[in-house]
């Protein structure tokens, strides 16, 4: 079991993201994963730095903690050749501590380059082609590729690490889990769904299983729930909403009726360790072995202290209930 910390790049400045990564290492976390978006989700967040610059700074400022994207869309806003290069470079800069988390993206960040937002089926085709291109470039040498949606012309990634980054594929259904087994090294989810793990293993996957555990630390449950509502209410809208809305103003409208009580139902709010462990147990029971803790509260340093003193040991001791 590895325990990670979610770096919420939409809620904090780039320098604060690097500071939080350093604090996470000091607090004893095994890894951090950082979001890779162009826009924040809701108007209160007001940040969205460039993930790859922050990762480079994190690699330079830390020694032990593993780094990951959680997650990058490797097409539309980017070309997969750029992601292949960026991930290889980050692996080198971090001395082998980097994991490339990838997903099929959201309109929120991908529409900004003016290439439209394809249907779900087309996005899945583009996702597969992107992973094929990344794998091809990581073989070394000059490579070309001609897919239905993406092409690569006579390209080579010159700086390749001896040990390539693992590719962790975000999944919300059986087809993506099968793709993770075929072209990835593990899966990434935001729900405690055992069926996604089962589809991955049934297709031959045997790598790490990443997920995000929804917590909101604060002095009281009420305070933490309100902070979670203010900064993380988009997180309970569901994937069909999250993937399709174009800008923070649209998410503001879509989440206008979400209350602090709704956040209590989805997040372990407040300082109660037993409640936090109870939420985490659901993901352990689902078969996940890399738990990235989301802190939707704003007492960041208080949460790091709480993790180190109260939460880390019992969290690492969790085992599947059955």
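Numbering (the UniProt record's numbering), first residue to last: 1 to 322.
We treat Cβ as the ideally placed atom computed from N, Cα and C, and that holds for glycine.
DSSP places residue 235 within a helical segment (H, G or I) once states are collapsed to three. Going by beta carbons, residue 81 and residue 98 fall outside the 8 Å limit. Residue 250 has its alpha-carbon roughly 32 Å from the corresponding atom of residue 57. Contact check between the segment 66-83 and the segment 215-223: fewer than three CB pairs, one atom from each, fall below 8 Å, which does not count as touching. Taking the C-beta atoms as reference points, residue 211 is found nearer than 8 Å to residue 190. For residue 143, the secondary structure class from DSSP, reduced to helix, strand or coil, is strand.
Shown here for residue 227: same chain residues with a beta carbon closer than 7 Å to its own, the five before and five after excluded, namely 216, 218, 296, 297, 298 in chain order.
CA-CA distance, residue 203 to residue 134, rounds to 21 Å.
In this structure, residue 167 places its C-beta atom within 8 Å of the C-beta atom of residue 100. In the DSSP annotation of this structure, the continuous segment of the beta strand (DSSP E) that includes residue 155 starts and ends at 151-155. Sequence-distant partners of residue 260 (beyond 5 residues in either direction) whose C-beta falls short of 6 Å from its own C-beta, in its chain, are 225, 226, 229. Residue 221 sits in a helix when the DSSP states are folded into three classes. With respect to residue 50, residue 109 sits apart: the two C-beta atoms are not nearer than 8 Å. Rounded to the nearest angstrom, the gap between the Cα atoms of residue 151 and residue 129 is 9 Å. Counting only unbroken stretches of 3 or more residues, the beta strand (DSSP E) elements lying wholly within the segment 38-89 are 66-69, in sequence order. In this structure residue 70 is not in contact with residue 280, their Cβ atoms being roughly 17 Å apart against a cut-off of 8 Å.
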